[in-house]
Each structure stands twice: as C-alpha cells, then as structure tokens.
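>
What follows is the structure, given as structure tokens:
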C-alpha cells in the first residue's frame with residue numbers, strides 16, 4: 003500500500019540475479035487465474051560468500067543456511083519479475099514450502115527458511131509478504147543444494 | 003449436511019488446544035478466495051501421553067506416530083476455528099501433505115498420517131473430511147517433532 | 003490444440019493401468035473449481051521390468067528411477083481419466099511435487115522426475131503438459147516405493 007515492491011527493492015539496494023532457467027522438464031512458474039505457482043528454486047550464485055551447496059548441520063551452519071535461503075528468495079523474485087513483468091503485480095505471498103538439505107538430527111529448519119521469509123516481508127511488507135509456510139528437512143536435494151523453496155503468490159493480472 | 007462440525011466436535015467430546023502461534027516468519031493460515039492454506043503444524047501438547055517429538059521407527063511406534071498425527075489435527079482445527087471464527091465455515095478438506103519424521107527404512111507413513119485423516123473424517127464427514135493426500139518420510143523435522151502436516155480447506159466466506 | 007490427449011495416448015500406444023485405490027484415509031483426487039488436486043501416487047506395476055520399490059542411488063540407478071517415475075505418471079493419468087471421465091478435460095498441468103526415495107548423497111532427482119514430466123509433455127503437449135515443479139529427495143516413502151508424485155491439473159468441467 004505504501005512503498006511498492008519494485009521501489010522497495012531499490013530502497014534495499016537489492017539487485018536481482020539473472021532469471022534461472024529450468025534444469026529439467028518444467029517451467030519456472032505457471033500462472034492460473036490469480037495464483038502464480040513458482041517451481042522449486044535453489045540458491046542463485048549471488049556472490050563469493052553465499053553458500054549454494056552443502057548440508058546444514060554438517061557442511062553449513064544455521065546462519066549459512068539462512069543466507070542460502072535468502073539467495074533462493076532473490077532467485078525467486080527474479081523469476082516472478084520475469085514472469086509477470088514487475089514485482090508490483092504481486093498481491094501477496096500465499097504459501098511457502100521450504101526444504102532444507104540437513105542432517106537427520108538437525109532441528110532449526112524454521113530459522114534457515116526465515117532467510118527467505120524475511121526477504122519476502124522486506125519486499126512485499128509485513129502483511130502481504132508473510133504467508134502460510136512449512137519448513138522441513140529433506141533426505142537430499144538436487145546437486146546437493148542447501149535449500150530448495152517452492153511457493154505460491156497471489157497476483158493481479 | 004447432517005451434523006455440523008462444531009456440533010460434531012461436541013458429540014466427540016473433543017476440546018481443541020489453544021491456537022498455536024508462529025515460531026518463525028509466517029502466518030498459521032492464509033485465506034485466498036475460498037481456499038484456506040494452513041501452514042505446517044506440529045503436534046500440540048494435549049496430554050501427558052501423546053508424543054510430540056521423536057522419530058517413528060526408532061523412538062516411536064507406528065501407533066504413537068498416529069496419535070501424534072491426531073494431535074496435529076486438533077492443533078490445525080484450532081487454527082482453522084481461530085482464523086474463520088467457526089469450523090462450520092469449512093466446506094471440505096481439499097489436500098493434505100503429511101510429513102513423518104521417521105527412519106530411512108520405515109514404510110508405514112500412511113498409517114501414521116491416518117491419525118490426522120481419521121480425525122478430519124470424524125469432524126467434517128466421510129466425504130467432506132476426506133481429501134487428496136500424500137504421506138511421506140522426511141529427513142528431519144523442526145525441533146524433532148514426530149509429524150508435520152500442512153493442508154488446504156475449501157471454505158465459505 | 004492439435005491432437006487431443008486421449009488420441010495422443012493411442013498414437014503413443016500407451017495403455018493405462020487400472021485406477022489405483024486409496025491405501026489409507028484419502029481420495030485419489032479432489033476437484034475444486036477448475037483445479038484437480040491429485041494425491042501422491044506410487045509406481046503402478048505395469049510390467050516385469052519397471053521397478054516399483056527401492057532406493058535410487060543404492061538399489062536403483064537413475065535410469066531405473068526415471069522408469070519408475072514414468073510408471074507413476076501412467077498411474078496418475080489413470081486416476082485423472084477415472085475422475086474426469088476423459089483426459090481431454092485437462093487444460094494443463096499446473097504443478098508437480100516429485101519425491102524420490104534416494105540416498106542422502108544422491109543428486110539427480112530432476113532426471114528421475116523427468117520420467118513423469120516427459121510423459122506429461124508427450125500426452126498433453128510441450129506447453130500444457132509442462133508445469134511448475136519441485137524434485138526432491140525424501141528420507142523414506144511408503145512401502146519403500148522408489149518415487150511418489152502429487153500434482154495439480156487445471157481442467158474444464
């Protein structure tokens with residue numbers, strides 16, 4: 003309502019990575035009526051520090067996992083803008099499935115996925131940017147990426 | 003059509019726990035049009051017997067996992083009532099993702115998640131209370147909870 | 003637009019297995035408005051060669067896992083036809099969650115789930131048959147099946 007997402011992104015001095023391309027037989031996102039279904043995204047390679055691969059609880063700390071989840075968020079924002087033309091068309095984040103590549107005894111998946119969720123709140127606001135969510139530990143993820151997240155946005159068309 | 007969910011709950015002598023609060027950056031449920039997206043819920047602490055944490059196949063039996071899944075159901079019912087004002091606004095259960103914290107060789111995830119699904123059938127009826135579902139084994143779950151379930155309800159607004 | 007799915011199935015000389023029945027308290031698919039939510043399906047037993055159970059990366063190769071995912075696809079097509087009366091009522095595949103029973107160090111989940119996704123593209127076309135998707139590794143799956151897939155189709159009613 004106040005600052006729109008694209009302007010907010012500028013305020014935050016965030017630059018989105020190049021939109022990711024499918025690594026297999028799928029689309030990055032599919033729009034049905036007013037819901038945008040976003041495919042599972044991994045962390046984009048955004049700098050030299052943010053971890054892309056590794057298992058949280060063994061190779062990566064919770065804080066590193068969280069940075070990785072934030073990188074997934076930037077990657078997803080790039081897909082959303084690329085699909086809709088502008089992030090300003092997003093009405094709200096509806097639902098997130100946050101999947102963490104972690105050890106069997108790891109317990110802090112919610113803190114890891116907050117790296118994604120806090121970014122969404124920063125860009126879309128504390129109400130529209132915060133949705134329903136599950137944050138869980140997977141047996142493994144493609145190419146050993148640290149985090150994979152899929153989500154659904156409500157959009158205006 | 004016959005007994006409404008709130009009356010049915012009374013018949014079953016079920017008391018719902020206090021609505022859970024988010025443990026991280028998310029909402030317990032988000033309503034979009036006629037669909038209520040419910041976040042991943044863990045087992046509420048409803049008595050001294052029902053297990054909240056532990057791995058099915060190692061720390062917990064299938065029966066204990068099923069009790070835990072039923073506790074997740076009570077917790078979700080509490081969120082639904084808290085969000086909509088009344089369970090009577092639920093038209094049907096659409097879809098459930100039932101996630102079991104279990105050992106790699108565990109095979110009875112459907113029996114565990116039935117603890118949730120049978121409760122939904124008791125409260126909303128054999129048609130409206132039975133939806134599409136997946137029941138799967140996770141690598142790990144937050145705080146080592148035994149079961150995490152997310153679901154979608156169709157509701158009247 | 004060109005060849006309809008049922009005719010396409012004939013061209014491909016594909017025979018669908020008998021529709022699977024729920025193994026627990028759920029429905030194989032639920033229709034809400036124009037979206038068909040399909041429950042998690044395992045591989046149908048379609049011949050003597052296609053693996054139904056086993057862990058990819060240990061018991062099964064990537065190629066065997068992919069065959070198993072294709073068998074899941076045939077099984078899902080059977081459910082969709084059984085629910086809607088005809089595959090020609092499918093407008094598009096919206097979203098797929100592809101869950102692979104694999105070892106913790108396995109990395110090629112997308113290739114496995116392509117067994118499902120390529121079948122959908124063959125039957126529904128390169129646009130309508132390709133949707134959003136996540137392909138991930140699970141800790142375990144019911145009855146030790148190799149692959150479990152749930153998905154959402156947009157349909158005409």
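Residue numbers (the numbering used here), protein chains in the order written: chain A, 3 to 159; chain B, 3 to 159; chain C, 3 to 159. Ideal Cβ positions, reconstructed from N, Cα and C, are used throughout, including at glycine.
#1: Which residues mark the beginning and the end of the alpha helix (DSSP H) in which residue 115 of chain B is found?
#2: Can you name the start and end residues of the alpha helix (DSSP H) that residue 78 of chain C belongs to?
#3: Over the uninterrupted beta strand (DSSP E) stretch that includes residue 15 of chain A, give me the two end residues.
#4: What I want to know is whether the C-beta of residue 129 of chain B ends up closer than 6 Å to one or more non-hydrogen atoms of the ligand FAD.
#5: Please confirm whether residue 26 of chain A has its beta-carbon closer than 7 Å to some beta-carbon of chain C.
#6: For residue 70 of chain A, which option in A:79, A:60, A:30 and A:56 has the closest C-alpha, if you only look at C-alpha atoms?
#7: Have a look at residue 151 of chain C and residue 153 of chain B and give me their C-alpha separation to the nearest angstrom.
#8: Where does residue 143 of chain A sit, in a helix, a strand or coil, going by DSSP?
#9: Excluding the five sequence neighbours on either side, which residues of its own chain have a C-beta within less than 7 Å of the C-beta of residue 140 of chain C, listed in chain order?
#10: Skipping 5 residues on each side, what residues in its chain have a beta carbon closer than 8 Å to that of residue 124 of chain A?
#11: Would you report the Cα separation of residue 128 of chain A and residue 49 of chain C, rounded to the nearest angstrom?
#12: What is the C-beta distance between residue 142 of chain C and residue 39 of chain B, in whole angstroms, given that I count them as a contact (C-beta under 8 Å)?
#13: Name the chain A residues that come within less than 8 Å of residue 120 of chain C, Cβ to Cβ?
#14: If you check the beta carbons only, do residue 114 of chain A and residue 68 of chain A fall under 7 Å apart?
#15: Measuring alpha carbon to alpha carbon, tell me which residue in A:149, A:37 and A:22 is nearest residue 30 of chain A.
#16: Where residue 89 of chain B and residue 95 of chain B are concerned, what is the direct C-alpha to C-alpha distance, given to the nearest angstrom?
#17: Quick one: what's got a C-beta closer than 6 Å to residue 135 of chain C's C-beta in the same chain, skipping five residues either side?
#18: Nearest to residue 61 of chain C by CA position, among C:147, C:155 and C:158, is which residue?
#19: Classify residue 87 of chain C as buried or exposed, calling it buried when 16 or more other Cβ atoms lie within 10 Å of its own Cβ.
#20: Taking just the CA atoms, how far does residue 20 of chain C sit from residue 2 of chain A?
#21: Against chain C, with Cβ distances strictly below 7 Å, would residue 108 of chain B count as a contact?
#22: In whole angstroms, what separates the C-alpha of residue 43 of chain A from that of residue 82 of chain A?
#23: Given that residue 123 of chain B touches chain C, what residues does it touch there, using C-beta distances under 8 Å?
#24: Please report the Cβ distance between residue 25 of chain C and residue 74 of chain C, rounded to the nearest whole angstrom; I am assuming they are in contact, meaning their Cβ atoms lie under 8 Å.
#25: Where DSSP assigns a beta bridge to residue 1 of chain A, which residues make up the other side?
#26: Got a sec: which bits of the segment 126-140 of chain A sit with their beta carbon under 8 Å from any beta carbon on chain B, in order along the chain?
#27: If contacts are defined as beta-carbon pairs under 8 Å, then residue 85 of chain C and residue 33 of chain C qualify, I think. What distance do you get, rounded to the angstrom?
#28: Please confirm whether residue 142 of chain C has its beta-carbon closer than 7 Å to some beta-carbon of chain B.
#29: Assuming the contact rule is C-beta atoms closer than 8 Å, residue 144 of chain A and residue 111 of chain C should be a hit. Round their C-beta distance to whole Å, please.
#30: Span of the beta strand (DSSP E) holding residue 93 of chain B?
#31: Which two residues bound the contiguous beta strand (DSSP E) that contains residue 154 of chain C?
#32: With a cut-off of 7 Å, does the C-beta of residue 152 of chain C fall near any C-beta of chain D?
#33: So, is residue 159 of chain A buried or exposed, given that buried needs 16 or more other C-beta atoms within 10 angstroms?
#34: Answer with yes or no whether the minimum CB distance from residue 157 of chain C to chain A is below 7 Å.
#35: Take residue 155 of chain B as the anchor and find which of B:59, B:6, B:35 and B:106 has the nearest alpha-carbon.
#36: How big is the Cα-Cα spacing for residue 28 of chain A and residue 119 of chain C?
According to the structure shown:
#1: 111-126 is the extent of the alpha helix (DSSP H) around residue 115 of chain B.
#2: 64-86
#3: Element bounds for residue 15 of chain A: n/a, residue is neither H nor E.
#4: Absence of the ligand FAD is noted for the structure shown, with no ligands found whatsoever.
#5: yes
#6: A:56
#7: 16 Å
#8: coil
#9: 101, 102 and 103
#10: Apart from the 5 residues on each side of it in sequence, residue 124 of chain A sits with its Cβ closer than 8 Å to the Cβ of 10, 14 and 131 in its chain, given in chain order.
#11: 53 Å
#12: The pair is not a contact, with the Cβ atoms about 26 Å apart (cut-off 8 Å).
#13: 27
#14: yes
#15: It is A:22 whose Cα lies nearest to the Cα of residue 30 of chain A.
#16: 11 Å
#17: 98
#18: Minimum Cα distance to residue 61 of chain C is reached at C:147.
#19: exposed
#20: One cannot answer for residue 2 of chain A here, as it falls past the ends of chain A, which runs 3 to 159.
#21: yes
#22: 12 Å
#23: 27
#24: About 14 Å; that fails the 8 Å criterion.
#25: With chain A covering 3 to 159 only, the question about residue 1 of chain A has no answer from this structure.
#26: With the criterion set as a beta carbon lying under 8 Å from some beta carbon of chain B, the members of the segment 126-140 of chain A are 132, 133, 134, 135, 136, 137, 138, 139 and 140, in sequence order.
#27: 7 Å
#28: yes
#29: 5 Å
#30: For residue 93 of chain B, the uninterrupted beta strand (DSSP E) run begins and ends at 92-103, by DSSP.
#31: 149-157
#32: The displayed structure is made up of protein chains A, B and C, and chain D is not among them.
#33: Under this definition residue 159 of chain A is an exposed residue.
#34: no
#35: B:35
#36: 7 Å
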